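Residue numbers (the working numbering), protein chains in the order written: chain V, 1 to 295; chain L, 296 to 538; chain Y, 539 to 846.
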Amino acid sequence: MDLLLSPQLLASALVLGTLYALLALGLNLIYGTMRLLNIAHGEIVMIGGYVVYWGFTLASLNPFIATVAAALAAALLGVALFGSVLRPMLRSGELMARVEANSLLIFFGVSVILQNLAALAFTASPRGISFLDEIIEIGALRIGADRLVVIIVGLAACFGCLALFRLTTLGLAIRAIIQQRDAAALVGIDITRTNMAVFALGFGVAGLAGGLVAMIEQVSPFMGFPYTIAAFIVIILGGLGNLTGSLVGGLLLGVVETYGVALTSASYRSILLYGVFIAILLIRPEGLFGKRRQR
Amino acid sequence: MSLLAIDRVSKQFGGLAALSDVSFDVGAGEIVGLMGANGAGKTTLLALIAGNLRPTSGRISFDGARIDGLSPAAICHRGIGRTFQIVRPFAGLSVRENVAIAVMYGPGGERQRKRAEEKAQAILDAFGLGPRGDDLAGSLTLAGRKRLEVARVMGTGARLVLLDEVMAGLTAAEVAETIELVRDLKVRHGMTILIIEHVMKALLRLSDRLVVMHHGRVVAIGDPHEVAGSAEVIEAYFGKRRA
Amino acid sequence: MNRTAILPLVLAILFAAGLLLPALTTGYWLGVALTFFMWVGLVQSWVILSGLTGYLSLGHAVFYGLGAYVMVLTWGQVPFELAILGAGLACVLLAVAIGVPCLRVRGPYFVILTFGVSELVKFIVVNIEAGLGRAGRLIFGAPLIETLYYWIVILALVATALAFLVSHSRLGSGLRAIREDETAAETTGVPVTRLKVIAFALSAFVPGMVGAVMVLRTTYFETIHVFNPITSFTIVTIAIIGGSDDVRGPILGAAFLMILSETLLVNAPEIYMIILGALLILFVLLVPKGIAGGLTGLIARRRREAGS
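See below:
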């Protein structure tokens with residue numbers, strides 16, 4: 001009981017929740033605008049993590065800077081992927097239809113490729129950096145400085161994104177596309193350019209999350225998948241196109257997972273995660289994406 | 296005795312009342328025409344009868360027994376067939392297999408695939424699609440696909456057929472052919488038909504009775520020519536007359 | 539020669555050769571052939587559900603794993619032949635149990651759902667084993683590899699025959715209708731839920747038995763290995779590369795995979811996986827009907843040119 005009420009646990013939940021919220025935002029953007037299920041999202045996190053790891057280890061790069069670099073690198077990767085693979089496909093209607101329908105398989109292939117490229121380049125052993133290890137005390141709370149940074153930077157990034165969606169023209173265009181893709185094109189929104197921005201943003205946010213993860217956990221080539229699953233849970237929970245929902249849902253999942261594991265045990269973490277995942281898919285079969293089959 | 300009884304049926308989609316308190320009967324062997332402006336609720340009504348949707352309130356009875364709430368497959372087995380406003384053929388399968396599936400899974404329940412294909416071919420021949428049996432359903436023209444959809448309903452051996460704008464998008468010649476085809480269903484095969492159409496001449500020529508809907512309600516029922524000329528219907532289509 | 543007689547003939551030759559192999563060679567190549575027939579059995583079964591209905595399962599490893607688990611749990615207590623059959627039946631039961639809720643979910647959601655289910659079952663078994671104090675299990679006194687080999691070839695044959703029979707039956711037509719347009723199918727009288735569950739159950743039968751036999755080959759059971767998502771991924775990739783429209787596809791795909799893995803797997807496993815991933819993407823985008831489909835198209839075109 002003491003454990004459950006401790007501020008430590010709450011802090012852990014916040015750390016996890018912030019990461020999940022960030023990831024969900026990125027995934028939600030890409031699915032919302034382009035109906036592409038980026039199941040390789042976790043691998044972008046992994047790449048971001050490695051950028052920070054190697055930046056810190058090889059170049060003694062301040063992890064903050066390295067994280068920004070990770071975000072930029074990931075954003076560039078997103079733009080490159082979009083420009084080279086997706087944009088030519090958008091021209092061919094038939095090919096694009098196949099991509100949407102098979103996006104899951106395609107991104108699964110991408111995921112496998114990225115994981116194994118990383119394993120090839122960096123070996124499969126987990127690596128960690130030690131940064132900002134000092135414990136900070138805030139009232140009754142004792143938290144590692146690195147974890148505190150994750151919360152602060154993560155939440156800042158989340159709110160930054162939300163501000164972008166609310167206050168900028170790009171954000172408006174994105175929300176328009178999410179709501180009604182064809183109509184958005186008709187009113188003059190440059191779909192292709194907005195989609196490219198979406199990819200850059202979605203991947204960039206994942207890269208940023210990866211950098212943050214590297215500060216507090218070890219990175220390894222196969223670390224991405226649980227994050228992908230969590231992100232999927234959140235976007236189904238929070239709702240498609242509901243970008244605020246991703247923020248709330250992410251924090252919620254972080255809380256549920258952290259407290260759930262505290263109540264049971266660490267080995268139940270995966271069962272909990274996948275259990276929730278399956279439950280949502282079953283209870284809302286079309287998710288909040290497809291038209292609710294009216295009966 | 297009426298074959299189909301629609302009793303105070305309503306359908307709500309969230310805040311939208313697609314159908315409100317719709318009631319009418321269809322007698323065995325009749326052709327009942329259903330007309331109304333877009334959004335009047337005609338297709339929704341057909342979807343409710345066929346089981347693709349469930350009514351929010353009211354009852355639908357077929358052959359004396361209640362059918363609202365049953366699955367589409369169960370309703371098909373009772374003897375009701377339906378075409379879709381936007382055709383839905385099994386595009387990747389052959390024309391023959393499209394009808395064969397109806398023969399195998401409709402109320403007839405032909406278990407042998409070979410025999411089902413033979414029966415399907417016979418139906419295709421009757422519908423003028425005979426030579427296209429081996430072609431992919433997706434390769435047919437729109438007229439062909441609409442015809443296939445009716446042939447598929449035929450394959451199930453339905454007693455009540457729900458036709459949804461089978462003439463939309465057809466040329467004048469194709470419309471004339473389709474009118475004969477529909478009349479044949481009643482005269483030669485004894486089917487009862489509920490038909491939605493915007494092509495007025497077809498509706499007036501085929502229907503024994505005409506039901507007019509507007510904003511989800513029935514505004515007129517009766518003899519086709521009387522109803523079509525009535526004041527309410529004209530008002531529904533064109534608005535109030537300015538004095 | 540009559541075109542329709544070619545396929546059964548080729549298959550007959552394939553399986554006869556398979557059964558004769560132990561007389562000709564042992565050790566390494568027998569192992570390769572065993573793996574080949576294993577994939578044939580797994581993918582033909584997968585096609586019964588995913589090829590025909592379009593509901594792509596990315597979690598078929600769950601049946602392989604459950605089959606293996608049944609075998610290790612009953613090892614030494616029942617004759618292994620019975621255990622193999624039991625493994626198959628257990629998987630059929632599992633498929634029926636999870637099929638009803640899961641098959642209501644369509645499209646890509648079904649795909650990730652099956653993946654999730656496979657992972658969930660994996661972690662449940664991990665926890666069960668941990669609760670029982672087991673880190674892994676050894677099997678002593680397993681049958682000889684020749685025996686296991688015959689079993690795998692038979693299972694591959696059963697799976698191929700099952701896929702063929704279902705595809706050409708009334709059930710197959712109904713399943714294809716579901717793939718083309720589920721709503722129209724249901725309106726035409728097809729009992730969609732029932733058929734989907736039947737297909738799912740049939741697709742689980744042989745994989746369960748295959749898992750049971752394969753764990754006897756390795757003589758070592760570890761949960762993470764038998765419920766491996768890479769198995770699910772490989773099954774899907776083989777089906778996409780080889781084609782899933784008829785029984786040739788999985789065989790061609792499995793052969794292709796064996797060639798690839800023989801050259802790469804031991805020395806460069808990561809490169810092997812990268813190529814597999816790339817092939818999956820390529821084939822999904824550009825060659826959706828797989829090698830078998832490509833061959834059919836090629837033959838059809840040649841005929842047209844010859845005929846004209």
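By construction, the Cβ of each residue, glycine as well, lies at the ideal position given by its N, Cα and C atoms.
In this text, all values refer to a predicted model and were calculated from it rather than measured experimentally.
Local Cβ density within 10 Å of residue i, reported as buried at 16 or more and exposed below that
| i | result |
| --- | --- |
| Lys291(V) | In this prediction, Lys291(V) scores a pLDDT of 42, lower than 50, which makes its location untrustworthy; the coordinate-derived value is nonetheless stated afterwards. Exposed. |
| Ala628(Y) | buried |
| Ser588(Y) | buried |
| Pro367(L) | buried |
| Lys496(L) | exposed |
| Glu475(L) | exposed |
| Phe308(L) | exposed |
| Tyr274(V) | buried |
| Pro88(V) | exposed |
| Ser519(L) | In the sequence on display, residue 519(L) carries Pro and not Ser. Result: buried. |
| Gln294(V) | Annotation note: pLDDT 41 at Gln294(V) (below 50); position unreliable, coordinate value reported separately. With fewer than 16 other Cβ atoms within 10 Å, it is exposed. |
| Gly597(Y) | buried |
| Ala313(L) | buried |
| Met539(Y) | A caution first: Met539(Y) carries a pLDDT of 45, below 50, which makes its placement in the model unreliable, though a value can still be read off. Classification of Met539(Y): exposed, given that the 10 Å Cβ count is below 16. |
| Leu281(V) | buried |
Bridge partners - residue i, DSSP secondary structure assignment
| i | result |
| --- | --- |
| Ala300(L) | Asp320(L), Ser356(L) |
| Leu314(L) | Lys306(L) |
| Arg512(L) | His509(L) |
| Val759(Y) | First, the amino acid is wrong: residue 759(Y) is Phe here, not Val. In the DSSP output, where bridge partners are listed per residue, Phe759(Y) has Arg675(Y). |
| Met330(L) | Val507(L) |
| Gly517(L) | Leu505(L) |
| Val219(V) | Arg127(V) |
| Val456(L) | Gly376(L), Ile488(L) |
| Leu141(V) | Ile138(V) |
| Val578(Y) | In DSSP, Val578(Y) forms no bridge with anything. |
Residue closest to residue i, alpha-carbon to alpha-carbon, out of the options
| i | options | result |
| --- | --- | --- |
| Gly592(Y) | Ala699(Y), Arg786(Y), Arg644(Y) | Arg644(Y) |
| Ala550(Y) | Met796(Y), Gly746(Y), Leu695(Y) | Leu695(Y) |
| Pro767(Y) | Ala715(Y), Leu820(Y), Arg841(Y), Glu657(Y) | Glu657(Y) |
| Thr756(Y) | Ile666(Y), Arg675(Y), Phe771(Y) | Arg675(Y) |
| Leu419(L) | Arg440(L), Arg391(L), Leu314(L) | Arg391(L) |
| Thr775(Y) | Leu641(Y), Ile636(Y), Met811(Y), Gly556(Y) | Met811(Y) |
| Gly404(L) | Leu501(L), Leu457(L), Ala369(L), Val482(L) | Ala369(L) |
| Ala176(V) | Val198(V), Gly160(V), Val276(V), Phe159(V) | Val198(V) |
| Tyr268(V) | Phe661(Y), Val630(Y), Phe618(Y) | Phe661(Y) |
| Val764(Y) | Leu833(Y), Thr612(Y), Asn665(Y), Val753(Y) | Val753(Y) |
| Thr685(Y) | Arg839(Y), Gly569(Y), Ile736(Y) | Gly569(Y) |
Boundaries of the beta strand (DSSP E) in which residue i is found, first to last residue
| i | result |
| --- | --- |
| His41(V) | Element bounds for His41(V): not the beta strand (DSSP E) but the alpha helix (DSSP H), 41-59. |
| Glu444(L) | Run containing Glu444(L): none in the beta strand (DSSP E); it sits in the alpha helix (DSSP H), 437-450. |
| Ile490(L) | 487-491 |
| Val187(V) | From DSSP, Val187(V) is part of no beta strand (DSSP E); its letter is neither H nor E. |
| Glu137(V) | 135-138 |
Element boundaries [alpha helix (DSSP H), containing residue i]
| i | result |
| --- | --- |
| Leu682(Y) | Premise fails: Leu682(Y) is in no alpha helix (DSSP H) and is neither H nor E. |
| Asp479(L) | 467-482 |
| Arg373(L) | 367-373 |
| Val261(V) | 243-263 |
| Asp146(V) | 145-167 |
| Glu413(L) | 408-421 |
| Val655(Y) | 645-669 |
| Ser270(V) | 269-283 |
| Thr67(V) | 63-81 |
I want to know whether the stretch 202-209 of chain V touches the stretch 19-37 of chain V - three or more CB-CB distances under 8 Å. The count of Cβ pairs closer than 8 Å, one atom from the stretch 202-209 of chain V and one from the stretch 19-37 of chain V, reaches three, so the stretches are in contact.
Segment contact flag, the stretch 829-845 of chain Y with the stretch 140-154 of chain V, C-beta cutoff 8 Å, min 3 pairs: With a cut-off of 8 Å, the stretch 140-154 of chain V and the stretch 829-845 of chain Y do not count as touching, because too few Cβ pairs lie within range.
Report yes or no: do three or more beta-carbon pairs, one from the stretch 631-645 of chain Y and one from the stretch 785-801 of chain Y, lie closer than 8 Å? Between the stretch 631-645 of chain Y and the stretch 785-801 of chain Y, the count of C-beta pairs closer than 8 Å stays below three; the two stretches do not touch.
Validate contact between the stretch 398-411 of chain L and the stretch 701-714 of chain Y using beta carbons, cut 8 Å, 3 pairs: Yes, the stretch 398-411 of chain L is in contact with the stretch 701-714 of chain Y.
So, does the stretch 206-226 of chain V touch the stretch 45-58 of chain V, judging by three or more C-beta pairs under 8 Å? When C-beta atoms of the stretch 206-226 of chain V are compared with those of the stretch 45-58 of chain V, three or more pairs fall below 8 Å, so the two segments count as touching.
Meets three-Cβ-pair contact criterion under 8 Å: the stretch 426-441 of chain L and the stretch 378-389 of chain L: Output reads yes: the stretch 378-389 of chain L touches the stretch 426-441 of chain L.
Three or more beta-carbon pairs under 8 Å between the stretch 496-506 of chain L and the stretch 317-332 of chain L, yes or no? Yes, since at least three Cβ pairs between the stretch 496-506 of chain L and the stretch 317-332 of chain L fall closer than 8 Å, the two stretches touch.
Is the stretch 599-612 of chain Y touching the stretch 738-749 of chain Y in the sense that three or more CB pairs, one from each, lie closer than 8 Å? Flag = yes, the stretch 738-749 of chain Y and the stretch 599-612 of chain Y touch.
For the structure I just gave you, are there three or more beta carbon pairs, one from the stretch 9-24 of chain V and one from the stretch 149-168 of chain V, closer than 8 Å? The answer is yes - the stretch 149-168 of chain V touches the stretch 9-24 of chain V, with three or more Cβ pairs under 8 Å.
Are there three or more Cβ pairs, one per stretch, closer than 8 Å when the stretch 375-382 of chain L is compared with the stretch 681-695 of chain Y? No, because fewer than three Cβ pairs between the stretch 375-382 of chain L and the stretch 681-695 of chain Y fall closer than 8 Å, the two stretches do not touch.
Three or more C-beta pairs closer than 8 Å, one from the stretch 350-367 of chain L and one from the stretch 408-425 of chain L: is that the case here? Not touching, per the Cβ criterion.
Is the stretch 434-444 of chain L touching the stretch 729-745 of chain Y in the sense that three or more CB pairs, one from each, lie closer than 8 Å? The stretch 729-745 of chain Y is not in contact with the stretch 434-444 of chain L.
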